[in-house]
Amino acid sequence: MEKRFGVQKSTMENQMFSKKQKESEDPIEFMTEVASKGKMVGMSESTICGIVIRGLKREIIEKIGMLDNSTLEKIEGNILKYQNGRELLEGKAENDMVDKIKLLEAEVARLKMKQENDEIVKELSEVMYVQNRSRGNDGKRNDNRDKYCKNCRRKGHHTKDCWYNQGRMLKITLRRSLDLRYFSSKENLKENGMLKFYLHSILLT
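According to our numbering, the sequence shown is numbered sequentially starting from 36.
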């Protein structure tokens, strides 16, 4: 009977020395199981600690292998530090990703608004350009058809008379004098004429 028990003990010890933490197994649970079986066959704590350290996953061993693992309590504390540190890193990485996504969304919205405003200004500039071809800003016949505007790169008017340039110069004055709430929707702008739509567009740029 004693001989049979000795064989069983030896077999269990050999199995424990080759025991490895499973992929989905929690390291604390692995340590607890090894400690329980080790005590059943009369292993010392130092021997059990050696089996636990050798059986843990490689990434855990790399993090806690150089620490003090002389007792089961110290091994447990080191494993918890590793787990908490990993959670902090994963949480930080996730927060950084969320912040980057928010910045990208804000940049996309800004570029979209800029594109829409540029298209509005371009359309209105073309309308004013056609009107300006036959009439000057003072209502008289335009005698500057061969003049070249450096601002909008079109012929027919001087740079100082460019509607696009005048719109930009009026921006500060319009911000102070106009009630933007009145121009809160495209429907109101259409009902109140092209000029108000034009003023609204340059205020947005």
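Think of the CB as a built atom: it goes at the ideal place given N, C-alpha and C, for glycine as much as any other residue. Fair warning: this is a prediction, and the values are worked out from it, not measured in the lab.
As assigned by DSSP and simplified to three states, the class of residue i
i    : result
T46  : helix
K55  : coil
K182 : coil
Residues near residue i by beta carbon distance below 7 Å, same chain, minus five either side
i   : result
C84 : N104, S105, T106, L107 and I110
Q56 : P62, F65, G90, L91 and K92
Same chain, Cβ closer than 8 Å to residue i, five either side skipped, listed in chain order
i    : result
G183 : Checking the sequence, you will find Tyr at residue 183 rather than Gly. Counting only Cβ-Cβ distances below 8 Å, and skipping sequence neighbours, we find R189 and K190.
L102 : K109 and N113
T82  : G73
Span separating the alpha-carbon of residue i from that of residue j
i    : j    : result
E60  : K137 : 36 Å
S53  : L91  : 11 Å
M78  : F65  : 17 Å
K157 : R121 : 54 Å
A144 : E151 : 11 Å
M75  : L139 : 59 Å
I95  : M47  : 25 Å
Y233 : N119 : Confidence at Y233 is low in this model, with a pLDDT of 49, below 50, so its placement is unreliable and no value can be given for it.
A141 : E58  : 41 Å
L146 : I86  : 60 Å
S45  : K72  : 12 Å
L115 : Q50  : 26 Å
V69  : R93  : 17 Å
E97  : D153 : 57 Å
Close Cβ partners of residue i (< 6 Å) along its chain, the five nearest in sequence each way excluded
i    : result
I99  : N113 and Y117
K149 : none
S88  : Before going on, a small fix: residue 88 reads as Ile here, not Ser. Only N104 meet the Cβ criterion.
Proximity test, residue i beta-carbon vs the ligand ATP heavy atom, cut-off 8 Å
i   : result
K57 : The ligand ATP is not among the ligands present in this structure, which contains no ligands whatsoever.
Alpha helix (DSSP H) segments (min. 4 residues) lying fully within the segment 64–122: 80–90 and 93–99
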